[in-house]
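Protein sequences, first through last, are from chains A and B.
Each residue of the first sequence is one higher than the last, beginning at 154 in our numbering.
Each residue of the second sequence is one higher than the last, beginning at 154 in our numbering.
Here's the structure, in structure tokens; my notes come after.
2 protein chains.
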Amino acid sequence: MALKKKPTTGMRDILPREMAIREYVLALIRETYSSYGFNQIETPCVEPIGNLTGGHGGENEKLIFKILKRGEKLRLEEAKEEADLVDGGLRFDLTVPLVRYYANNSAELPSPFKAMQLGNVWRADRPQRGRFRQFMQCDIDILGEAANLAEIELILAMTTLLGKLDFKNFTIRINDRRILKGIAKYCGFPEDAYDDVFIVLDKMDKIGADGVREELLAAGYAADAVEKCMGIFGEDDASAIDGETSNSGDDSSTNSGTGAFAGSGAVGLDRLKALAETLGDSLEEGVADNLIEIIEVAAESRNAEFRILFDPTLVRGMSYYTGPIFEIAMDEYGGSVGGGGRYDTMVGRFLGTDTPAVGFSIGFERISMLLMERGYEIPSTGDKVAFLIEKKCTADQVRETITKANELRASGASVSVMRMKKNKKFQKDQLIEQGFTDIQEVFAN
Amino acid sequence: MALKKKPTTGMRDILPREMAIREYVLALIRETYSSYGFNQIETPCVEPIGNLTGGHGGENEKLIFKILKRGEKLRLEEAKEEADLVDGGLRFDLTVPLVRYYANNSAELPSPFKAMQLGNVWRADRPQRGRFRQFMQCDIDILGEAANLAEIELILAMTTLLGKLDFKNFTIRINDRRILKGIAKYCGFPEDAYDDVFIVLDKMDKIGADGVREELLAAGYAADAVEKCMGIFGEDDASAIDGETSNSGDDSSTNSGTGAFAGSGAVGLDRLKALAETLGDSLEEGVADNLIEIIEVAAESRNAEFRILFDPTLVRGMSYYTGPIFEIAMDEYGGSVGGGGRYDTMVGRFLGTDTPAVGFSIGFERISMLLMERGYEIPSTGDKVAFLIEKKCTADQVRETITKANELRASGASVSVMRMKKNKKFQKDQLIEQGFTDIQEVFAN
Numbered sequence: 154m155a156l157k158k159k160p161t162t163g164m165r166d167i168l169p170r171e172m173a174i175r176e177y178v179l180a181l182i183r184e185t186y187s188s189y190g191f192n193q194i195e196t197p198c199v200e201p202i203g204n205l206t207g208g209h210g211g212e213n214e215k216l217i218f219k220i221l222k223r224g225e226k227l228r229l230e231e232a233k234e235e236a237d238l239v240d241g242g243l244r245f246d247l248t249v250p251l252v253r254y255y256a257n258n259s260a261e262l263p264s265p266f267k268a269m270q271l272g273n274v275w276r277a278d279r280p281q282r283g284r285f286r287q288f289m290q291c292d293i294d295i296l297g298e299a300a301n302l303a304e305i306e307l308i309l310a311m312t313t314l315l316g317k318l319d320f321k322n323f324t325i326r327i328n329d330r331r332i333l334k335g336i337a338k339y340c341g342f343p344e345d346a347y348d349d350v351f352i353v354l355d356k357m358d359k360i361g362a363d364g365v366r367e368e369l370l371a372a373g374y375a376a377d378a379v380e381k382c383m384g385i386f387g388e389d390d391a392s393a394i395d396g397e398t399s400n401s402g403d404d405s406s407t408n409s410g411t412g413a414f415a416g417s418g419a420v421g422l423d424r425l426k427a428l429a430e431t432l433g434d435s436l437e438e439g440v441a442d443n444l445i446e447i448i449e450v451a452a453e454s455r456n457a458e459f460r461i462l463f464d465p466t467l468v469r470g471m472s473y474y475t476g477p478i479f480e481i482a483m484d485e486y487g488g489s490v491g492g493g494g495r496y497d498t499m500v501g502r503f504l505g506t507d508t509p510a511v512g513f514s515i516g517f518e519r520i521s522m523l524l525m526e527r528g529y530e531i532p533s534t535g536d537k538v539a540f541l542i543e544k545k546c547t548a549d550q551v552r553e554t555i556t557k558a559n560e561l562r563a564s565g566a567s568v569s570v571m572r573m574k575k576n577k578k579f580q581k582d583q584l585i586e587q588g589f590t591d592i593q594e595v596f597a598n
Numbered sequence: 154m155a156l157k158k159k160p161t162t163g164m165r166d167i168l169p170r171e172m173a174i175r176e177y178v179l180a181l182i183r184e185t186y187s188s189y190g191f192n193q194i195e196t197p198c199v200e201p202i203g204n205l206t207g208g209h210g211g212e213n214e215k216l217i218f219k220i221l222k223r224g225e226k227l228r229l230e231e232a233k234e235e236a237d238l239v240d241g242g243l244r245f246d247l248t249v250p251l252v253r254y255y256a257n258n259s260a261e262l263p264s265p266f267k268a269m270q271l272g273n274v275w276r277a278d279r280p281q282r283g284r285f286r287q288f289m290q291c292d293i294d295i296l297g298e299a300a301n302l303a304e305i306e307l308i309l310a311m312t313t314l315l316g317k318l319d320f321k322n323f324t325i326r327i328n329d330r331r332i333l334k335g336i337a338k339y340c341g342f343p344e345d346a347y348d349d350v351f352i353v354l355d356k357m358d359k360i361g362a363d364g365v366r367e368e369l370l371a372a373g374y375a376a377d378a379v380e381k382c383m384g385i386f387g388e389d390d391a392s393a394i395d396g397e398t399s400n401s402g403d404d405s406s407t408n409s410g411t412g413a414f415a416g417s418g419a420v421g422l423d424r425l426k427a428l429a430e431t432l433g434d435s436l437e438e439g440v441a442d443n444l445i446e447i448i449e450v451a452a453e454s455r456n457a458e459f460r461i462l463f464d465p466t467l468v469r470g471m472s473y474y475t476g477p478i479f480e481i482a483m484d485e486y487g488g489s490v491g492g493g494g495r496y497d498t499m500v501g502r503f504l505g506t507d508t509p510a511v512g513f514s515i516g517f518e519r520i521s522m523l524l525m526e527r528g529y530e531i532p533s534t535g536d537k538v539a540f541l542i543e544k545k546c547t548a549d550q551v552r553e554t555i556t557k558a559n560e561l562r563a564s565g566a567s568v569s570v571m572r573m574k575k576n577k578k579f580q581k582d583q584l585i586e587q588g589f590t591d592i593q594e595v596f597a598n
């Protein structure tokens, strides 16, 4: 039969060099997030299919790898549609499983519960550069903390991690779903169209303010609502994440370019205050003050060089967000390398009673790719020793060599004992290329 | 719609306490196996379905979680059988994917290639205590090393790991597929029935020598072949792994009970030598000497308290094994907690040319379960501090507290900053129960 050498379409084999970098990053994630009090947990990769198609996954629900029913449960003759054939699916994110986990185990979990998840997720996306159908996500979530301490702790944990990986001058874009709602209400969009309006607003950095205006008008929204909305945003918003600040008249750091990161780190507070004033009663009380506190405290307590930017065009795809939302933008990488937000009503869907919740997911694959491209060298972990044993050596010599190898291993070295090849020079060259620092030859007595 | 709180049937959520032990064991595995020169790699969890149903998986091929085709490729109306619906499956072990990986990437891999894989596998087995449908496997394999150094290094790496986890007095059962073949040939079983005979022999410790005899006769094998075979094994073989040695007249360690572990560690060499003499030309040349060398060198170079026992009843299920096979038996756990062997012809199925290969897989779930049951305490990793912030505190106080927290984090502590609850006493009791060693309260000025 035909055995395939290539991995499944859109998925990939990871070679040792890349794996070493990934494992280094994962170890740093565990260490850093543990220092912020997060506890690692795990859920199965396969979720009951109903949980994945329950409407929390947005576009991802179209990309599920579905698992065929087994044994008697599979009734192919009677099956009328796909749903009759499947009972599970590979998770497309770690948030839906976390919420199920919390609902299932809440009696045994502390409050607040600080969860760390490092795990693969699967999406049957069109394969493209840097996008894979199996990829790792690294999430931290705090469940049961209503105060904005949760947002602040998440932002600091994540940015501390990026700082340890030598990332600099990145931007945390931050907004609040309730501000978006306030804008939509203030402009007079119909309430059932809010989410659709947000989706168009989200394209600001791709199609510009004019593009957004056109698209909103084309969708049939009232011209005065659209104009009122465009009055809030400007052409500048289209380039807000390019490292230049778009906030003229700002009190904190109005310099353009990298200078923007040298100031207090908080950008756009004046704009936020002005927007809150404009929106007036359309904005839920306390939302602006809450966001200002998050921005100020996170910027002033930061352990890494980044700025935190109020960006009213930030939407984030998932409709389950209920409060502050955030995203990491990096100059080196066009798009987002992570993001999250508050989702206070999602646990209620499983548990019956709502539980405040905030999460942050970093784009582990993108971050690893950036490190690979940068030629990132992981700190050395000791000697790498090879013993080459000539074929004629006696069992006693093998034993002696292994004893020596074990002593070196106990003292922290990585040691391989192998047969000496006929082409010894080639063998040694290969070993040096693999990073061996010490090659010892054992000849027959 | 109905959201399910319970995880997928037969799979489970892992709570923080267990996860901490698992992560500790995984870190120890990475460290120990790295010290033996193994490089971590990864393959996708989803394999092309043809690779999983190619006959290398034995019984596991009946337990595959299959993935439904997507989009246009799924033609439900035209589908006549299950195979028309699926294009992938969740891997049931790490060996088949490793061999595909090696075939796919051999140009970029060193020789010998020492691979370490830590990953989940899936089997739709009947759920039962301690057996899950998703479970982690930890494999080490050496590809491209024909010499028995490969077997010795694998056994030492794995037993060193078990020693670090305080496992003592376990047994490595070892045999060679070619010895089994030699026995079958010597007894005169028909060549195409060898594998079936081995499957019956494998039941020795469950049904005893009499049971094996009956089953072989019932299967219709010639009475003289069966008697010749039973002459090689004895009633003792049925209890060989119970910690008592079954090898009277042995030169190395004939004591019963734990005393068996105090000797040289090599058990059954006399029996192996006698068996080789009995089998004569039926046994491939060099096989016995090779196995003796593995047993002697591994026993004398060992870093942990175990014995290595020649056990001619050891079969191992997979038909792909071609040489030495081994299994770990522990008193604390009835069955095997790991095993492996040499499979020199499997790479050839993918690559066209054979590559010598040996692998060892430990039963990570069973080992973690034994540690949990034993109440294993992982070494302390520093202070666990909580700051409880009263609700009335100002943003400045929050900032000051977070600055303090960050200083403690930088010095190695795990710190959580959270809102003080109304029932402070209950909150503090909960935190102490979670292992917090230092709880600091921050009141409004």
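Every residue, glycine too, gets a C-beta built ideally from N, C-alpha and C.
Nearest-angstrom Cα separation, counted from Q287 (chain A) out to D278 (chain A)
By 1-based counting over the first sequence, the position of residue 278 (chain A) is 125. By 1-based counting over the first sequence, the position of residue 287 (chain A) is 134. The alpha-carbon atoms of D278 (chain A) and Q287 (chain A) are separated by roughly 10 Å.
At the 9 Å Cβ level, is T556 (chain A) part of the contact set with chain B, yes or no?
The residue given as residue 556 (chain A) occupies position 403 in the first sequence. For T556 (chain A), the answer is yes, since a Cβ of chain B falls inside 9 Å of its Cβ.
Nearest by alpha-carbon distance to Q580 (chain B): which of B:I531, B:T547, B:R562, B:F540 is it?
Position 427 of the second sequence holds residue 580 (chain B). With distances taken between Cα atoms, Q580 (chain B) lies closest to B:F540.
Of the residues that make up the segment 202-226 of chain B, which ones have a beta carbon closer than 7 Å to any beta carbon in chain A?
G203, N204, G207, F218, K219, I220, L221, R223
In angstroms, rounded to a whole number, what distance separates the CA positions of P263 (chain B) and E449 (chain B)?
What you label residue 263 (chain B) is simply residue 110 of the second sequence in a count that begins at 1. What you label residue 449 (chain B) is simply residue 296 of the second sequence in a count that begins at 1. Going by the C-alpha atoms only, they are around 29 Å apart.
If you measure beta-carbon to beta-carbon, which residues of the segment 450-482 of chain A are closer than 7 Å to chain B?
V450, E453, S454, N456
Only counting the same chain, and skipping five residues up and downstream in sequence, which positions put a Cβ closer than 6 Å to that of A372 (chain A)?
Along the first sequence, read from residue 1 onward, the residue named residue 372 (chain A) stands at position 219. Excluding positions up to five away in sequence, the list is empty.
Integer Cβ distance of A362 (chain B) from L370 (chain B), believed to fall under 8 Å
Within the second sequence, numbered from 1, the residue matching residue 362 (chain B) stands at position 209. Within the second sequence, numbered from 1, the residue matching residue 370 (chain B) stands at position 217. The Cβ separation is near 13 Å, so there is no contact.
Going along the segment 540-554 of chain A in order, which residues come within less than 8 Å of chain B, judged by CB to CB distance?
I542, K544, A548, V551, R552
Pull out every residue of the segment 159-174 of chain B whose Cβ sits closer than 8 Å to any Cβ of chain A, in chain order.
K159, P160, T161, M164, R165, D166, I167, L168, P169, M172, A173
Roughly how many angstroms lie between the CA atoms of Q593 (chain A) and D442 (chain B), to the nearest whole one?
Taking the first sequence and counting its residues from 1, one reaches residue 593 (chain A) at position 440. Taking the second sequence and counting its residues from 1, one reaches residue 442 (chain B) at position 289. If you take the alpha carbons of Q593 (chain A) and D442 (chain B), they lie about 27 Å apart.
According to DSSP, is Y486 (chain A) part of a helix, a strand, or is it coil?
In the first sequence, counting from the first residue as 1, residue 486 (chain A) sits at position 333. Of the three classes helix, strand and coil, the one that applies to Y486 (chain A) here is strand, per DSSP.
Helix, strand or coil at V468 (chain A) according to DSSP, with G and I counted as helix:
Residue 468 (chain A) sits at position 315 when you count from the first residue of the first sequence. If DSSP states are grouped into helix, strand and coil, V468 (chain A) belongs with coil.
Give the single residue among A:K577, A:V595, A:F266 whose Cα lies nearest to the Cα of Q555 (chain A).
Looking up residue 555 (chain A) in the first sequence gives position 402. The amino acid occupying residue 555 (chain A) in the given sequence is Ile; Gln does not appear at that position. Nearest C-alpha to I555 (chain A): A:V595.
CA nearest to the CA of L229 (chain A), picked from B:D292, B:G224, B:D237, B:K226
What you label residue 229 (chain A) is simply residue 76 of the first sequence in a count that begins at 1. If we check each option's Cα against that of L229 (chain A), B:D237 comes out closest.
Which complete beta strand (DSSP E) runs does the segment 508-541 of chain B hold, if anything under 3 residues is left out?
510-515
Please confirm whether L247 (chain A) has its beta-carbon closer than 9 Å to some beta-carbon of chain B.
Within the first sequence, residue 247 (chain A) is the residue found at index 94, counting from 1. Chain B contact via Cβ: absent.
Under 8 Å Cβ-Cβ, which residues of chain A neighbour K157 (chain B)?
The residue given as residue 157 (chain B) occupies position 4 in the second sequence. Within 8 Å Cβ-Cβ: P201, G203, N204, R253.
So if DSSP puts E437 (chain B) in a beta bridge, which residue, or which two residues, is it bridged to?
For this step, residue 437 (chain B) is matched to residue 284 along the second sequence. In DSSP, E437 (chain B) forms no bridge with anything.
So is T506 (chain A) in contact with chain B if we call contact Cβ pairs under 9 Å?
Locating residue 506 (chain A) in the first sequence gives position 353, counting from the first residue. No - not a single Cβ of chain B is within 9 Å of the one on T506 (chain A).
Beta-carbon neighbours of E231 (chain A), restricted to chain B and to distances below 9 Å
As a position in the first sequence, residue 231 (chain A) is number 78, starting the count at 1. Near E231 (chain A) there are no residues of chain B at all, since even the closest Cβ is about 12 Å away, more than 9 Å.
Which partner residues of P201 (chain A) appear in the DSSP bridge assignment?
Within the first sequence, numbered from 1, the residue matching residue 201 (chain A) stands at position 48. Paired residue(s): A:G241.
Straight-line gap, K359 (chain B) to D240 (chain B) (C-alpha atoms, nearest Å):
Within the second sequence, the letter at position 206 stands for residue 359 (chain B). Within the second sequence, the letter at position 87 stands for residue 240 (chain B). Between K359 (chain B) and D240 (chain B), the C-alpha separation is close to 39 Å.
Quick one, are the C-beta atoms of V500 (chain B) and A260 (chain B) less than 9 Å apart?
Sequence index remark: in the second sequence, residue 500 (chain B) carries index 347 (1-based). Sequence index remark: in the second sequence, residue 260 (chain B) carries index 107 (1-based). Their beta carbons are not under 9 Å apart, which means V500 (chain B) does not touch A260 (chain B) by this criterion.
Among the residues of its own chain, which have a CB less than 8 Å from the CB of R183 (chain A), if the five just before and after it don't count?
Counted from its first residue, the first sequence places residue 183 (chain A) at position 30. Once the five neighbours on either side are set aside, the close Cβ partners of R183 (chain A) are Q193, M269, L271.
Beta-carbon gap between K267 (chain B) and D294 (chain B) smaller than 9 Å:
Within the second sequence, the letter at position 114 stands for residue 267 (chain B). Within the second sequence, the letter at position 141 stands for residue 294 (chain B). Result yes, Cβ atoms of K267 (chain B) and D294 (chain B) sit closer than 9 Å.
Does the Cβ of G512 (chain A) have 16 or more other Cβ atoms within 10 Å, making it buried, or fewer, making it exposed?
Counting from 1 along the first sequence, the entry for residue 512 (chain A) is found at position 359. Buried: at least 16 other Cβ atoms inside 10 Å.
According to DSSP, residues forming a beta bridge with T324 (chain B)
As a first step, residue 324 (chain B) is located in the second sequence; it is residue number 171 there, counting from the start. Answer is B:R460, B:A482.
Which stretch, first to last residue, makes up the alpha helix (DSSP H) that contains S188 (chain A)?
Within the first sequence, the letter at position 35 stands for residue 188 (chain A). Looking at the DSSP string, the run of the alpha helix (DSSP H) that includes S188 (chain A) is 169-188.
Is the Cβ-Cβ distance between L216 (chain B) and R284 (chain B) less than 9 Å?
As a first step, residue 216 (chain B) must be located in the second sequence, where it is residue number 63. As a first step, residue 284 (chain B) must be located in the second sequence, where it is residue number 131. No. Outside cutoff.
Under the assumption that M573 (chain A) contacts K544 (chain A) (Cβ atoms under 8 Å), give the Cβ distance between them as a whole number of angstroms.
Taking the first sequence and counting its residues from 1, the one referred to as residue 573 (chain A) is at position 420. Taking the first sequence and counting its residues from 1, the one referred to as residue 544 (chain A) is at position 391. Between K544 (chain A) and M573 (chain A) the Cβ distance is about 7 Å, and since that is below 8 Å, they are a contact.
Own chain partners of P250 (chain A) with C-beta closer than 7 Å, once the 5 adjacent residues on each side are dropped
On the first sequence, residue 250 (chain A) is found 97 positions in, with the first residue counted as 1. T196, E200, R244.
According to DSSP, simplified to helix, strand and coil, what is I220 (chain B)?
Here residue 220 (chain B) refers to the residue found at position 67 when the second sequence is read from its first residue. Note: I220 (chain B) maps to strand in three-state DSSP.
Mind checking if T431 (chain A) is an interface residue toward chain B, Cβ cutoff 9 Å exclusive?
If you number the first sequence from 1, residue 431 (chain A) lands on position 278. It does not; no Cβ of chain B falls within 9 Å.
Report the rounded CA-to-CA distance for E530 (chain B) versus A173 (chain B), giving the unit in angstroms.
Walking along the second sequence from the start, residue 530 (chain B) turns up at place 377. Walking along the second sequence from the start, residue 173 (chain B) turns up at place 20. Rounded to the nearest angstrom, the two C-alpha atoms are 10 Å apart.
Pick helix, strand or coil for A375 (chain B), following the three-state DSSP scheme.
Residue numbering aside, residue 375 (chain B) sits at position 222 when the second sequence is read from its first letter. A375 (chain B) falls in the coil class under three-state DSSP.
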